[in-house]
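Visitor:
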């Protein structure tokens, strides 16, 4: 799989898609209504850029050894942890736990159920990712 035009094509495709996401997130930062919302958008932006940097790192010179390396494990752990923190903050802001004017999306009781299911799924996936990255690979290396 050393066909350079294919790798360049892949990098360009990923760059264009993520550039659209980054532009949209920067637009959200510029028009952020509150500091809490600003933090959520900035965390999403950092996660997006971290994923992009990881994809570039693994695409430019792919190798299984690089994928199993400690820096990549730390990188993935940080990205997933920031995403989980952002998800929890968004959930707390989206589903009102104290009496205040809720977001218009919370008007339906199904919104709370959907948000709760998504948060539970993400926490479960987070634990699975950490388990795979740190324990299974460490057991195979031993």
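In this note's numbering, the protein residues as written are 8 to 149.
We put the beta carbon where it would ideally sit given N, CA and C, even for glycine.
(1) If the criterion is Cβ atoms closer than 7 Å, does the pair residue 140 and residue 99 meet it?
(2) DSSP three-state call for residue 12: helix, strand or coil?
(3) Closest to residue 66 by C-alpha separation, out of 47, 92, 35, 20, would be which residue?
(4) At what residue ranges does the region 51-94 contain a whole run of the alpha helix (DSSP H), taking only runs of 4 or more?
(5) One question on the structure: do residue 132 and residue 102 come within less than 7 Å of each other, judged by their Cβ atoms?
(6) Below 8 Å, can you find three or more Cβ-Cβ pairs linking the region 66-78 to the region 41-48?
Guide: The relevant details are as follows:
(1) no
(2) helix
(3) Ranked by how close their Cα comes to the Cα of residue 66, the residues 47, 92, 35, 20 have 20 in first place.
(4) 71-74
(5) Going by C-beta atoms, residue 132 is not nearer than 7 Å to residue 102.
(6) no
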